[in-house]
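Enquirer: Right, I'll just put the structure down here and ask away after.
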Amino acid sequence: MLLVCPHLPFKVEKVFFFVFCIFPLVQNSWEHLHFPMMFCENVKLLDRYTNRKPANGTLYLTATHLIYVDASAEVRKETWILHHHIASVEKLPLTTSGCPLLIHCKNFRVAHFVIGHERDCHEVYTSLLKLSQPVKPEELYAFSYNPKMPKDSREIGWKLIDLKVDYQRMGIPNDFWEITDANKDYEVCNTYPPEIVVPKAANKATVLGSAKFRSRGRIPVLSYLYKENNAAICRCSQPLSGFSARCLEDEQMLQAIRQANPGSPFMYVVDTRPKLNAMANRAAGKGYENEDNYDNIHFKFIGIENIHVMRSSLQKLLEVCETKSPSMSDFLTGLENSGWLRHIKAVMDAGVFLAKAVKEEKASVLVHCSDGWDRTAQVCSLASLLLDPFYRTFKGLMVLIEKEWIAMGHKFSHRCGHLDGDLKEVSPVFTQFTECVWQLMQQFPCAFEFNERFLLEIHDHVYSCQFGNFLGTCYREREALKIFEKTHSLWPFLLQKKQEFRNPLYKGFTAYKELKPNTLPFSFQFWCGMYNRFDKGMHPKQCVLDHLLNCMSQKMKLEDNATDLENKLPFLDDPLPNEVCFLSKIVNASVESSKTPMLNTPQDYESEPPALLTNGTIVEEVDIMPDQYRKNKENFANHHDLPDLNSTMEVIESDAKKEKLQHQ
Amino acid sequence: MEFAELIKTPRADNVVLHRPFYPAVEGTLCLTGHHLILSSRRQDNAEELWLLHSNIDSIEKRFVGSLGTIIIKCKDLRIIQLDIPGMEECLNIASSIEALSTLDSVTLMYPFFYRPMFEVVEDGWHSFLPEREFELLSSVTNEWRLSYVNKEFSVCPSYPPAVTVPKSIDDEALRRVATFRHGGRFPVLSYYHKKNGMVMMRSSQPLTGTNGRRCKEDSALINATLRAGKRGYIIDTGGGFEQEVQYPQYNILQESLIKLVEACNDQSHNMDRWLSKLEASNWLTHIKEILTAACLAAQCIDREGASVLVHGTEGTDSTLQITSLAQIILDPRCRTIRGFEALVEREWLQAGHPFQLRCAQSAYSNSKQKWESPVFFLFLDCVWQILRQFPCSFEFNEHFLIMLFEHAYASQFGTFLGNNESERYKLKLSQKTMSLWSWVNQPEELSKFKNPLFEANSLVIWPSVAPQSLQLWEGVFLRWNRSSKFLDEAYEEMNNIIEYNKELQAKVNALRRQLAELETDDGMQESS
């Protein structure tokens, strides 16, 4: 049976009562948007990898989600799919059991439904097509998502990440670099944020002149300054050099960057494109820097493929992941032919090259690709992550994404296909960055504060449009969309779930400085947790991460328990089994003389113990706790103390506890 | 001593050693009957290298002027290089190593000379006797008996003296069945599934010949394993892996290993090349096939409630891989350290897997003998794959498996010498050599092999055999090709977290006890 509510999307309030009666679904996950516009019973959900009997249940469509409730399972099982996550909907040829509907999601979920009646299936199909391809930005989830938190918490949420603080951390402003509002009216570049970091030596004329010589005005700006030796990573777009054009201001700009690092006689200019692509661009009046025209630059191509190659590579990879019972040979051949890991390695190699140039050769690097918003963003952010342990913390990764991706105009809206638009603009550029971080986590399991789930959650939200952060293509567009006024920021919500995103093995901020990953091919693994994430049968059946997270929470409980018990015990100095306590001889003697010393010496109980109690507790904890634990504890405490984060979090946490995040 | 003639130059100075992850070091090289030793000139006179000759898989010589270089490739997949000044010295040392690493008499092997530096608390030679295993079985069923029909090794030369067979089949019938089975390997009990009383038997292939010869005792034996009205399955692995006999070229598994190790040692940065070599090696394909077969056998027993007979051609290779892996899936005991040792004893050593032939050479072998084959190695890799998927269900860790891999190929212990129990008896191994288990089962050694995540799990564990779920066993294949520093640190950290919690729990328990004691004392005081 298929019911279609007479009131269609975005006027959901009117169906409130109707829905409430027939739809007890949302009890445990209540939110105003989740009223069904239609539902359809007797829908089967096929499991792709097992021959288990398919689930049988009811499919609901709400304004924001497709919700499937499995009625055949003993435990009520709900599958929530955000409409924005739907990449494609296909109606497959009719079978004896019904009409199959195949849904591919942007987070790599593949849902294979079989709907009893053709007509119902078609109805669901056309509705989903509409719902999954919003045309206008106002239709995006972020504009209707309302976790019912006070206005100021929402505003504070947007202030959680302040890029200026990060530049301060790098020591900017300093003698060589300044934060300018040169772009406040977007007169230099309309895809850059209003404030940019440029060399002090570059005056306004240089900046404006260079902008005219760079594709879309994306002049060289600072991405990261390695404080220890003044070497900088800068980023820009390709020069409009054609076959022979020059620009004095651009040359001055590069010189200014090089001279901002007095320790090095030269700087690298890295074009992340394959040489052939860059050369082809010359015919269109673009291209790359001529070493002869710039003082002391070392020019280098890195050869990362363009967005179209990456899109088709991912497509091939997903086909391999989706193949039903492939042989080992099919899988490995498919993996190779997709080229995916080759591309991941290319991005990683480029990041490693940058980090090495900065750290070991002490040379500054200017990076660009064509427009400087895809490959450049990948490579610069990866290099920062390799060089600076801060970016491997929760807050650091947020800052990094905010700085290198959001602020610098990575076109999330186009690359993720948020709105119905040009499919050729869609490309998994951010996905690749996410994977590079994951690959590093495999090689350095103790170097990151967060775990794999944090990456997956961010990746989900890049596509979910539930939060404003990734809407639009650049700062200017986000301003026009009024995202800061109308939507919520993702970051506070992630911090709120910090406990489940923690990496229990994290050794703290100071354990590792720069990371030098192995980039031989065998160091790269297929990321089953991403591309076959929803095929639980393929994953390890017992999860070490869960086990350790459990340990962490147990540890806190036990520590509280121990303190409680110790407080209850009148004699804390009573030595515990296997523990060394530094007790006074008198107490010791009394312990030896009787099992219940305080009964014999009530006066001691009255007067002495309280003082001993606090001391004793401390001594014991120190004794029992291995050194690295204390270190860990300190580190953890430090992160808690991050001033801006903590104060914000308190406000948000108290409000947000009432709200459950509605998202699967 | 006969080794003296083989050692042409016992000692060379100013030898430079290059090996993975360490800076080159200069020192004095000494050759003894069983070891190659390099001591550096450092203050502490530390030995930088202490290598068993039997661990050497192949050696290569190179000369630049009078400086000779010997590249030693080991059975544990490590590659080291020695730079030896003086062409003659280098040649002498090379030929000595070559001779010492390919001794053809077992009794010259190191286990016969090794004197343990530890006190033997429990003699491993007696830790896993068939009688004890049978006792365990008798506690749950009385349908089986321990037969000594093979006590002179005359019925089946590759079987142990005692085997478990259905009670209703007498020794005379067993003798007749043996003549109907390749190598006399008549069906014997491999595993009894307590949950439903189903069993797994193993044997070699029947000798039906071209005229379809039958043997009524054979049918009776197999029927005796079936419950009334129940079906049974025969899993024939022949033609897959146990095909050495049919195809006298050298073993496909060995070839697979050689290709895989070659791929892992390739330092090229070409991703496509790596993936295509990995694919072409077929190692992971073999892993997937064997695991699939083991799951099938386990499924028949646990899900279908049917008994199973597994056999290949000879019943000494893929048969044992499948029966032992099925037991790891089905039986929680096999996932403990003791239980796994018992499994290796029962299903590999006593079951007559020809270790000496199979493990004579490893991935760098040039000999290409058809009997060399990493059958046991592949089994360990499969166990690692299951361990990776069920990280909390095994009492042992990866190091335990790596240790077994090493000792199967080169060891100071006698456990893996010989090809079957009969040969071990003749060699008097239990008197003349030390058992690996005597060493491993010492508490301080065991602690290295314990999995901190272990929580006894009595369930059947079904591994996924999807290609996405199977991985290259980095701990073995990349061990010498990339640093494991950061992974080791992670393991250490994990261990610390769990240990700390245990200590904390113990502390809380102790405090609780103490408090409870105080309270009862309090109560007693009040009431008195």
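From first to last, the protein sequence lines stand for chains R and F. Numbers 1 to 664, taken from UniProt numbering, label the letters of the first sequence in order. Numbers 1 to 528, taken from UniProt numbering, label the letters of the second sequence in order. For glycine and all other residues, C-beta sits at the position ideal for the given N, C-alpha and C.
Output needed in chain order: residues of the segment 97-114 of chain R with a Cβ under 7 Å from some Cβ in chain F.
Expert: Those residues of the segment 97-114 of chain R that come within reach of chain F (Cβ to Cβ, closer than 7 Å) do not exist; the list is empty.
Enquirer: Using the C-alpha atoms, what's the distance from F:Phe377 back to F:Phe405?
Expert: Going by the C-alpha atoms only, they are around 6 Å apart.
Enquirer: From the DSSP secondary-structure annotation, give me the bridge partner or partners of F:Cys30.
Expert: The partner list for F:Cys30 (beta bridge, DSSP) reads F:Arg11 and F:Ile37.
Enquirer: Report yes if the C-beta distance between R:Ile219 and R:Ser210 is below 8 Å; otherwise report no.
Expert: Result yes, Cβ atoms of R:Ile219 and R:Ser210 sit closer than 8 Å.
Enquirer: Using a Cβ-Cβ cutoff of less than 6 Å, which residues in the same chain neighbour R:Val429 once the five nearest sequence positions on both sides are dropped?
Expert: Around R:Val429: Asp374 and Arg415.
Enquirer: To the nearest angstrom, how far is it from the Cα of F:Ser147 to the Cα of F:Tyr191?
Expert: Cα to Cα, the separation comes out at about 16 Å.
Enquirer: With three or more beta-carbon pairs closer than 8 Å as the criterion, would you say the segment 354-368 of chain F touches the segment 64-78 of chain F?
Expert: Judged by Cβ distances under 8 Å, the segment 354-368 of chain F makes contact with the segment 64-78 of chain F, as three or more pairs qualify.
Enquirer: Give the residues of chain F in contact with R:Gln439, contact being defined as C-beta atoms less than 8 Å apart.
Expert: Within 8 Å Cβ-Cβ: nothing; R:Gln439 doesn't reach chain F, min ~12 Å.
Enquirer: What does the Cβ neighbour count give for R:Thr62, buried or exposed, with the cut at 16 atoms within 10 Å?
Expert: Classification of R:Thr62: buried, given that the 10 Å Cβ count is 16 or more.
Enquirer: Assuming R:Pro445 and R:Leu505 make a contact with CB atoms under 8 Å, what is their CB distance in whole Å?
Expert: Rounded, the Cβ-Cβ distance is 5 Å, consistent with contact.
Enquirer: Assign R:Glu634 to one of two classes, buried (16 or more other C-beta atoms within 10 Å of its C-beta) or exposed (fewer than that).
Expert: Unreliable positioning characterises R:Glu634 in this predicted model, as indicated by a pLDDT of 37, which lies under 50. The coordinate reading is nonetheless provided below. It counts as exposed.
Enquirer: Could you check whether the Cβ of R:His547 sits closer than 8 Å to any Cβ belonging to chain F?
Expert: Chain F, which has a Cβ nearer than 8 Å to the Cβ of R:His547, makes this yes.
Enquirer: Check whether the Cβ of R:Asn518 lies closer than 8 Å to any Cβ atom in chain F.
Expert: By this cut-off, R:Asn518 is an interface position.
Enquirer: Go ahead and pull the three-state DSSP assignment for R:Ile483.
Expert: Correct three-state label for R:Ile483: helix.
Enquirer: Just the Cα atoms here: how many angstroms apart are R:Ile344 and R:Glu435?
Expert: Each residue's alpha carbon lies about 8 Å from the other.
Enquirer: Taking C-alpha atoms, which residue in F:His286, F:Gly27 and F:Ser276 lies nearest to F:Arg11?
Expert: Nearest option by C-alpha distance: F:Gly27.
Enquirer: Between F:Glu244 and chain R, is there a C-beta pair that is closer than 8 Å?
Expert: Note that F:Glu244 has pLDDT 41, beneath the 50 cutoff, so the model's placement of it is unreliable and the number below is only indicative. Answer no: the Cβ-Cβ gap between F:Glu244 and chain R never drops below 8 Å.
Enquirer: Take F:Ala220 as the anchor and find which of F:Leu38, F:Val188 and F:Tyr425 has the nearest alpha-carbon.
Expert: The shortest C-alpha separation from F:Ala220 is found at F:Val188.
Enquirer: Give the interface partners of R:Ala562 over in chain F, defined as CB-CB distance under 8 Å, in chain order.
Expert: By Cβ distance, chain F contributes Leu504, Lys507, Val508 and Leu511.
Enquirer: Can you find a CB in chain F that lies within less than 8 Å of the CB of R:Glu322?
Expert: Chain F contact via Cβ: absent.
Enquirer: Going by CA-CA distance only, name the one from R:Lys91, R:Ala447 and R:Glu479 that's closest to R:Lys507.
Expert: The candidate whose alpha carbon is nearest that of R:Lys507 is R:Ala447.
Enquirer: Let me know the secondary structure DSSP gives R:His488 once reduced to three states.
Expert: Coil at R:His488, not helix or strand.
Enquirer: Using only the alpha-carbon positions, how far apart do F:Ala228 and F:Asn251 sit?
Expert: Those two C-alpha atoms are separated by around 41 Å.
Enquirer: Between R:Glu449 and F:Phe186, what straight-line distance do the alpha-carbon atoms span, to the nearest angstrom?
Expert: Cα to Cα, the separation comes out at about 58 Å.
Enquirer: Please list the partners that F:Ala490 has in chain R, where partner means a Cβ-to-Cβ separation under 7 Å.
Expert: Correct list: Pro445, Cys446 and Leu505.
Enquirer: For R:Cys543, which of helix, strand or coil comes out of DSSP?
Expert: R:Cys543: coil per DSSP, three-state reduction.
Enquirer: Please check if any C-beta of chain R sits within less than 8 Å of the C-beta of F:Gly240.
Expert: Residue confidence is low: F:Gly240 scores 41 on pLDDT, short of 50, so the model does not pin down where it sits. No coordinate-derived value is stated.
Enquirer: Would you check if the distance between the CB atom of R:Met267 and the CB atom of R:Tyr224 is smaller than 8 Å?
Expert: No; because the gap between Cβ atoms is not below 8 Å, this pair is not in contact.
Enquirer: Using the C-alpha atoms, what's the distance from R:Ala87 back to R:Ser132?
Expert: Approximately 8 Å, taken between the alpha carbons.
Enquirer: If you scan the segment 414-475 of chain F from start to end, which runs of the alpha helix (DSSP H) of 4 or more residues do you find wholly inside it?
Expert: Correct list: 421-427, 429-432, 436-440 and 443-449.
Enquirer: Which residues in chain R have a C-beta closer than 9 Å to the C-beta of F:Arg78? List them in chain order.
Expert: Near F:Arg78 there are no residues of chain R at all, since even the closest Cβ is about 17 Å away, more than 9 Å.
Enquirer: Could you check which residue in F:Ile290, F:Asp171, F:Thr316 and F:Gln299 has the C-alpha nearest to that of F:Gln205?
Expert: The residue with the shortest Cα to Cα distance from F:Gln205 is F:Thr316.
Enquirer: Whole angstroms are fine: how far does the CA of R:Asn561 sit from the CA of F:Leu275?
Expert: Rounded to whole angstroms, F:Leu275 to R:Asn561 spans 52 Å at the Cα level.
Enquirer: What is the rounded straight-line gap between the Cα of F:Arg388 and the Cα of R:Ser338?
Expert: Approximately 26 Å, taken between the alpha carbons.
Enquirer: Please go through the same chain and pick out, in chain order, the residues whose beta-carbon is closer than 6 Å to the beta-carbon of F:Ser127, but skip the five residues on each side of it.
Expert: Answer for F:Ser127: Trp437, listed in chain order.
Enquirer: Kindly say whether F:Met200, judged by its beta-carbon, lies nearer than 8 Å to any beta-carbon of chain R.
Expert: So no, F:Met200 is outside the interface.
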